[in-house]
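Residue 139 in full-length UniProt numbering sits at position 139 of the sequence shown, with consecutive numbering throughout. In this text, a Cβ means the ideal position worked out from N, Cα and C, and glycines have one as well. First up is the structure itself, then whatever we jot down about it.
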Amino acid sequence: MSTSIQKKITLATAIILTVDAWNALEESENNFLEYEAVILSNLERNLPIIRISRVMRPKTMGFWVDIFPNLSDENPYNNFKCHFRIMRTTFNRLLSSISAHPIYQFSTQKPQTPIEIQVAIVLQRLANPMSYRQLETTFGIGQGSVTNFTNRFITAVLDNLRHIINWPRGEELQRVIEGFAPPELRSRIPNVIGAIDGSHIPISQPRIEYHQRYINRKGFYSVVLMAIVDDRERFIYIYSGQPGSMHDARVLKQSAFWREVVNDSNGRFPGNTHILGDSAFPLMPWLLVPFKRRSSQELSRVQRQYNRIHSSARIAVERAFGKLKGRWRILRNNMEVTDLKNVVDIID
Numbered sequence: 001m002s003t004s005i006q007k008k009i010t011l012a013t014a015i016i017l018t019v020d021a022w023n024a025l026e027e028s029e030n031n032f033l034e035y036e037a038v039i040l041s042n043l044e045r046n047l048p049i050i051r052i053s054r055v056m057r058p059k060t061m062g063f064w065v066d067i068f069p070n071l072s073d074e075n076p077y078n079n080f081k082c083h084f085r086i087m088r089t090t091f092n093r094l095l096s097s098i099s100a101h102p103i104y105q106f107s108t109q110k111p112q113t114p115i116e117i118q119v120a121i122v123l124q125r126l127a128n129p130m131s132y133r134q135l136e137t138t139f140g141i142g143q144g145s146v147t148n149f150t151n152r153f154i155t156a157v158l159d160n161l162r163h164i165i166n167w168p169r170g171e172e173l174q175r176v177i178e179g180f181a182p183p184e185l186r187s188r189i190p191n192v193i194g195a196i197d198g199s200h201i202p203i204s205q206p207r208i209e210y211h212q213r214y215i216n217r218k219g220f221y222s223v224v225l226m227a228i229v230d231d232r233e234r235f236i237y238i239y240s241g242q243p244g245s246m247h248d249a250r251v252l253k254q255s256a257f258w259r260e261v262v263n264d265s266n267g268r269f270p271g272n273t274h275i276l277g278d279s280a281f282p283l284m285p286w287l288l289v290p291f292k293r294r295s296s297q298e299l300s301r302v303q304r305q306y307n308r309i310h311s312s313a314r315i316a317v318e319r320a321f322g323k324l325k326g327r328w329r330i331l332r333n334n335m336e337v338t339d340l341k342n343v344v345d346i347i348d
């Protein structure tokens, strides 16, 4: 083991096992950096560093006792949605939908934290990304528990609630068509049942050999979330996980949706229905894109009018992405998850 590695290990151990280091972490990042410099200086001069048994930081459950029970949808001062980004009624429905999942049925003598606290912690993490230290200080829950809560929640939601994102059919299909082309609009594109687009979800550098593929054209690591939404900006199909450098058209062609529709479009698009996409997507009988201006030829008046109508309807998917990232801010920050499968699960 090199001297450099030994120093780093010793420094890390000193920080972990020294009370002053914990105090520095809690009080100020600047104090911590100053403390780190002192420790490193002592190591350089081969001065002894006194090891002190780690002192556990006090945890408080006051939030769950004093505040959480009083949060409601009606109270403007203790509003549930301000804390957890969904209404309390939705929260209760969510609990009832996943509480029976086997992952919440403890099999050891040590019981789990109440499920309502587990789910609330995960929602807080998704909505208002905090450091583990901030979560522990605010809610009295440690890093290991937060990770366990998140894994359980993601598993239960994907197993029990994946059906919530579904393709419109029957009467709902007709309602969506009318929603995209209401009779009061003089100009509209008929038989539209959705709008498609891609969005970049920032991530940390993946722990894989070909991580450069995840650097998008804007220069940061990301995965692509491709989605189709209806007239009410509700997601009816999502596909995520492809590298950020991949073009939207290629992402679409990598999806199971593409393979299904190319083989038989009638299942998704009965009666000459279609979705709208921007010029990054290929023109298909079931996928309408804007007219492109050729270098030597201007668009006609009719083509420009079509593009305006197309854009006004397609904006539904852009607004849906805006709402999604506004509600769950972990999707617009650098997601501190290096396992790509976990990233995809969180997005889904």
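Distance between PRO114 and ARG329 (C-alpha atoms, nearest Å) = 25 Å
**Cutoff 6 Å; reference HIS200; Cβ partners in own chain excluding five residues on either side** = ASN216, SER222 and GLY244
Fill in: Helix, strand or coil at VAL229 according to DSSP, with G and I counted as helix
strand
Subject >> Inter-residue Cα distance where the pair is ASN166 and SER296 >> reply: 43 Å
Review point. Is the stretch 188-206 touching the stretch 268-281, taking contact as three or more C-beta pairs under 8 Å?
Key: yes
- Query: Taking just the CA atoms, how far does PRO282 sit from PHE257?
  - Reply: Rounded to whole angstroms, PHE257 to PRO282 spans 14 Å at the Cα level.
Checklist line | Option nearest residue 353 by Cα separation, candidates LEU331, TYR132 and ARG314 | finding: Examination of residue 353 is not possible in this model, given that the chain is present from 1 through 348 alone.
Would you call the stretch 149-161 and the stretch 96-103 in contact, with 3 or more CB pairs under 8 Å?
yes
Assuming the contact rule is C-beta atoms closer than 8 Å, PHE80 and SER72 should be a hit. Round their C-beta distance to whole Å, please. 6 Å
CB of ILE67 within 8 Å of CB of ASN78, strictly: yes
Within its chain, find whatever has a CB closer than 6 Å to the CB of LYS323; leave out the 5 residues flanking it on each side and keep chain order.
none
Between the beta-carbon of ALA127 and the beta-carbon of PHE84, is there less than 8 Å? yes
Below 7 Å CB to CB, which residues in the same chain sit around ILE309 once its five sequence neighbours on both sides are set aside?
-> Once the five neighbours on either side are set aside, the close Cβ partners of ILE309 are SER187, ARG188 and ILE189.
Rounded C-alpha distance that separates ASP197 from GLY142: 38 Å
Distance, Cα to Cα, PRO202 vs PHE235? 20 Å
Identify every residue that forms a DSSP beta bridge with GLN242.
VAL224
### Query
Between the beta-carbon of VAL317 and the beta-carbon of ALA227, is there less than 8 Å?
Yes, Cβ-Cβ distance for VAL317 and ALA227 is below 8 Å.
inquiry  = Let me confirm a value: ASN333 is counted as buried when at least 16 other C-beta atoms fall within 10 Å, else exposed. Which label applies?
reply    = exposed
GLN212 versus PRO183 - alpha carbon distance: When rounded, the distance between both Cα atoms is 49 Å.
Open item on the list: Taking 7 Å as the limit between beta carbons, can you name the residues of its chain near ALA280, skipping five residues before and five after?
Closed with: Around ALA280: HIS247, ASP248 and ALA249.
- prompt: In chain order, what residues of the same chain lie with their CB nearer than 6 Å to the CB of ARG162, ignoring the 5 residues before and after it?
  reply: If we look at ARG162 and ignore the five residues flanking it on each side, it has no Cβ neighbours.
Could you tell me the alpha carbon to alpha carbon distance between ALA195 and ALA181, rounded to whole angstroms? Per the coordinates, the alpha-carbon of ALA195 lies some 13 Å from the alpha-carbon of ALA181.
Just the Cα atoms here: how many angstroms apart are ARG54 and GLY241? Here the model assigns ARG54 a pLDDT of 41, short of 50, so the residue's position is not dependable, and the following value carries that caveat. Their Cα atoms are separated by approximately 40 Å.
task: Let me know the secondary structure DSSP gives LEU276 once reduced to three states.
output: strand
Exposed or buried, what is PHE321 when buried is set at 16 or more other beta-carbons lying within 10 Å of its beta-carbon? Taking a 10 Å sphere around the C-beta of PHE321, we find 16 or more other C-beta atoms and assign the residue as buried.
May I ask you to report which of helix, strand or coil DSSP gives LEU25? For LEU25, the pLDDT reaches just 28, beneath the cut-off of 50, and the residue's location in the model is therefore unreliable, although a value from the coordinates is still provided. Here LEU25 sits in helix by DSSP.
What is the DSSP secondary structure of TYR237, reduced to helix, strand or coil? Three-state DSSP puts TYR237 in a strand.
- Query: Does DSSP put residue 349 in a helix, in a strand, or in coil?
  - Reply: Here the chain has residues from 1 to 348 only, and residue 349 is not among them.
Checklist entry - According to DSSP, is ASP197 helix, strand or coil? => result strand
* Cα-Cα separation, TYR132 to LYS292 -> 48 Å
Measuring straight from C-alpha to C-alpha, what distance separates ARG207 and TYR214? Distance between ARG207 and TYR214, taken at the CA atoms: about 11 Å.
Using the three-state DSSP reduction, which class does ILE330 fall into: helix, strand or coil?
helix
- [ ] Give the straight-line distance between the Cα atoms of LEU276 and LEU287, rounded to the nearest whole angstrom.
- [x] 6 Å
Within 10 angstroms of the Cβ of ARG314, are there 16 or more other Cβ atoms? Answer buried if so, exposed if not. buried
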